[in-house]
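Novice: One structure, as structure tokens, below. Some questions next.
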Amino acid sequence: MIENVIASSVQEVLKELYGADIPVAASAVQRTRKEFEGDFTIVVFPFVKAARKAPDAVAAEIGEALHHKLQVAYNVVKGFLNITLSNDFWLKYFNEHCADASYGFEPHQNSERIVIEYSSPNTNKPLHLGHIRNNLLGSSVARILDACGKEVVKVNLVNDRGIHICKSMLAWQKFGHGETPESTGMKGDHLVGKYYVIFDQHYKEEIKQLMAEGKSEEEASAQAPLLVEAREMLRKWESGDAEVRALWTKMNGWVYDGFDKTYERLGIQFDKVYYESQTYLLGKKIVEEGLANGVLYRKEDGSVWVDLRDEGLDEKLLLRSDGTSVYMTQDLGTAQLRYEEFAPQKMIYVVGNEQNYHFDVLKLLLSKKLKKEYGNHIYHLSYGMVELPCGKMKSREGTVVDADDLMEEMFVQAKESTEALGKHDFTPDEAARLYEMIGLGALKYFILKVDPKKNMLFNPAESIDFNGNTAPFIQYTHARIQSLLRKAAESQIDVANDLTALALPAAETELIKRLYEFPQVVLNAGESFSPALIANYTYDLAKEFNRFYQETPIFKEADENLRTLRLQLSQWVGIVIKNGMSLLGIDVPDKM
């Protein structure tokens, strides 16, 4: 990247002019703001002390030295040195990269290994809108890190045991009358989720009845027969009760079949799937080691805790009094297992911001108390909640927005919006593929264009707009570019020639500069774990290309070199749009 060259040259110039060894990082070379002339800007105030001159004088001296060294033009504005690269630089860069299908992606060379966990569903309900944000964010971050040259291992931890799982099992056992996915025609995860809601309905009725008999709400909630039975079922599961285990295996199998269908449609994949049922005992072993070493303690009721008050947190339960595990126990086990299996330099957990405290505890517990070095490798990618115009979602009350229903709704909206625009030049199969591409693209883009840390309001109708900051707008831009290239091929116009000794017009130069930014945007997105940077860059590029397309003739251009330049530039924009959208897990059509 030219920023590295400029930074290195500035460092050399400082040594030559002032005898000063001052490190200059590429990050010190910024894109020049639009209201000023130039391509890159260097702030010279950090060099003033060594030069013993006024900022403007220092900027002028450095600019003159860079002019001779790099053949650049320059101007000075109040201690800011603005550098303008030559036409030859941009033309050479254009010729080198305009046909590069992998432009913006770094090769893998002895790269850092990163394990990223996302999805982490419970097997007592189907995936919902909140899971969609988790899956899309985790999958996109994994793609971006891979494009940055990292070795990425995508993992899923399925929460397949616990009291919440037993609630669905118990409700099906009591009220299910032998229903199966086959007998009902329901996806397995939907069927099991139905009984999670039924449990809650009956549980609330029992609480009301106990309160009517004189119990307090707290007493009634703890003593309700259904909850007591669910706890007993969990105890039996942990003791290996054959009947409970058989029911658990059957119902979880229904859920996994349902999950697989949802993941496939959403385009989500994993390199490895962990199951809490297989890892919680390892976590218990780590807890026992901590007890033996005196860094954890057991209370009179038999429960095991860690005291993190000296670290600014609180006391945290690790094992219940009956010996059963909590989420923290399981996370201790999976962290150790992943470290042993993959030896990653970083372990990223994509989990909502309501679990911030949990991960603060996990990192401190592992690194400070248990002295596990890999505790320092943990990073919690905390994200905000997704809300709807009607408010928050509650799984146990059956008010969630189901992921499968939402994807189908997006398909229908894409179909209606496309047909309303008069787009009918497709076979039925082609049309169905296009509607799926547009609908799921709209869903993914609308969610990923928002900074992960922010809460967001999801509006399906707004996401499908063909004219706003949406995937359909970007997808249409890509299709428009492919149409241009098809027309060029039909007209037997060769767009593969290198262009030399061509004076680049201003509009083309600005578009090349925008494309130049893409590799750095990818790196920035990887460093900040933010697909929003990719999404919004891609939208800005599409918007800029559409303006260029409207204002600049292509096939009517009499100058053959300029026509070739504009076609090649269009091709390059298409490549970058496709690559950018691929990092979001979004496909782009060649025809719309």
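Residue numbering for the sequence shown follows the numbering used here, beginning at 91 and increasing consecutively. Think of the CB as a built atom: it goes at the ideal place given N, C-alpha and C, for glycine as much as any other residue.
1) Considering only C-alpha positions, which residue in the set 170, 385, 360 is nearest to residue 242?
2) In whole angstroms, what is the alpha-carbon distance linking residue 536 and residue 218?
3) For the candidate residues 458, 632, 381, 592, whose alpha-carbon lies nearest to that of residue 403?
4) Per DSSP, residue 417 forms a beta bridge with which residues?
5) CA-CA distance, residue 487 and residue 214?
6) Looking at the strands, I want to know which residues DSSP matches up with residue 144.
7) In terms of alpha-carbon separation, which member of 253, 548, 123 lies closest to residue 410?
8) Where DSSP assigns a beta bridge to residue 406, which residues make up the other side?
9) Between residue 646 and residue 347, what straight-line distance do the alpha-carbon atoms span, to the nearest angstrom?
10) Could you please give the first and the last residue of the uninterrupted beta strand (DSSP E) stretch that includes residue 567?
11) For the beta strand (DSSP E) holding residue 130, just list the boundary residues, first then last.
12) Would you mind sorting residue 527 into buried or exposed? The rule is 16 or more other CB atoms within 10 Å of its CB.
13) With residue 224 as the anchor, note down where its alpha helix (DSSP H) starts and where it stops.
14) Using three-state DSSP, classify residue 205 as helix, strand or coil.
15) What's the call for residue 279, buried or exposed, on a 16-neighbour Cβ count within 10 Å?
16) Once the 5 residues before and after residue 137 are set aside, which same chain residues still bring their CB inside 8 Å of it?
17) For residue 485 and residue 597, I'd like the C-alpha separation in whole angstroms.
18) Evaluate residue 587 with the Cβ neighbour count: other Cβ atoms within 10 Å of its Cβ, from every protein chain shown; 16 or more gives buried, anything less gives exposed.
19) Terminal residues of the continuous beta strand (DSSP E) containing residue 243?
20) Just the Cα atoms here: how many angstroms apart are residue 635 and residue 272?
21) Checking 9 Å against the spacing of the C-beta atoms, do residue 432 and residue 248 come in under that value?
22) Taking only three categories from DSSP, how would you classify residue 670?
23) Taking the beta strand (DSSP E) that residue 351 falls in, what are its first and last residues?
24) Using DSSP bridges, identify the partner residues of residue 438.
25) Per DSSP, what kind of secondary structure is residue 120 in: helix, strand or coil?
26) Would you call the region 610-618 and the region 229-241 touching, i.e. three or more CB-CB distances under 8 Å?
27) Just how far apart, CA to CA, sit residue 651 and residue 668?
28) With respect to the beta strand (DSSP E) encompassing residue 167, which residues constitute its N-terminal and C-terminal limits?
29) If you follow the alpha helix (DSSP H) that residue 171 is in, where does it begin and where does it stop?
30) Considering only C-alpha positions, which residue in the set 178, 260, 203 is nearest to residue 240?
31) Just the C-alpha distance for residue 605 and residue 282, rounded to the nearest angstrom, thanks.
32) Classify residue 367 as helix, strand or coil using the three-state DSSP reduction.
33) In or out: residue 371 buried (at least 16 other Cβ within 10 Å) or exposed?
34) Tell me the start and end of each unbroken alpha helix (DSSP H) in the region 507-564 that is at least 4 residues and wholly inside, in chain order.
35) For residue 256, report the span of its alpha helix (DSSP H) as first-last.
36) Taking 8 Å as the cut-off, does the region 285-297 touch the region 261-271 (at least 3 CB pairs, one atom from each stretch)?
Specialist: By the coordinates alone:
1) Residue 360 is the option with its Cα nearest to residue 242.
2) Answer to the nearest angstrom: the Cα atoms are 16 Å apart.
3) Of the residues 458, 632, 381, 592, the one whose Cα lies closest to the Cα of residue 403 is 458.
4) According to DSSP, residue pairing for residue 417 in a beta bridge does not occur.
5) Residue placement at residue 487 is poorly supported in this model, since its pLDDT is 44, which falls under 50; the coordinates are not used for a value here.
6) According to DSSP, residue 144 bridges with nothing at all.
7) Among 253, 548, 123, the Cα nearest to that of residue 410 is on 253.
8) The beta-bridge partner set that DSSP reports for residue 406 consists of 396.
9) Near 56 Å, if we compare the C-alpha coordinates of residue 347 and residue 646.
10) First-last for residue 567: 561-580, but that is the alpha helix (DSSP H), not the beta strand (DSSP E).
11) Note, residue 130: beta strand (DSSP E), 130-133.
12) Buried: at least 16 other Cβ atoms inside 10 Å.
13) Start and end: 219-237.
14) Per DSSP, reduced to three states, the secondary structure at residue 205 is strand.
15) With 16 or more other Cβ atoms within 10 Å, it is buried.
16) Cβ neighbours of residue 137 beyond the five flanking positions: 104, 108, 110, 112, 148, 152.
17) Residue placement at residue 485 is flagged as unreliable, the pLDDT there being 40, under the threshold of 50; the coordinate-derived value follows with that caveat. Rounded to whole angstroms, residue 485 to residue 597 spans 52 Å at the Cα level.
18) Around the beta carbon of residue 587, fewer than 16 other beta carbons lie within 10 angstroms, which makes this residue exposed.
19) 241-248 is the extent of the beta strand (DSSP E) around residue 243.
20) Just so you know, the alpha carbons of residue 635 and residue 272 end up roughly 51 Å apart.
21) In this structure, residue 248 does not lie closer than 9 Å to residue 432 by Cβ.
22) Residue 670: helix per DSSP, three-state reduction.
23) Per DSSP, residue 351 lies in no beta strand (DSSP E); the unbroken alpha helix (DSSP H) holding it starts and ends at 332-356.
24) Note: residue 438 is bridge-paired with 206, 469 in the DSSP secondary-structure output.
25) DSSP places residue 120 in the strand class (E or B) of the three-state scheme.
26) The region 610-618 vs the region 229-241: in contact.
27) So the alpha carbons of these two residues sit roughly 26 Å apart.
28) From DSSP, the beta strand (DSSP E) with residue 167 extends over 163-167.
29) Residue 171: not part of any alpha helix (DSSP H); member of the beta strand (DSSP E) spanning 170-174, first to last residue.
30) Relative to residue 240, the option among 178, 260, 203 whose CA is nearest is 203.
31) Put simply, the backbone Cα of residue 605 is about 49 Å away from that of residue 282.
32) Helix at residue 367.
33) The residue is exposed, with fewer than 16 neighbouring Cβ atoms inside 10 Å.
34) Taking 4 residues as the shortest admissible run, the region 507-564 contains the following complete alpha helix (DSSP H) segments, listed from N- to C-terminal end: 518-538, 550-553.
35) Note, residue 256: alpha helix (DSSP H), 253-265.
36) Taking a cut-off of 8 Å on C-beta distances, the region 261-271 touches the region 285-297, as three or more cross pairs fall below it.
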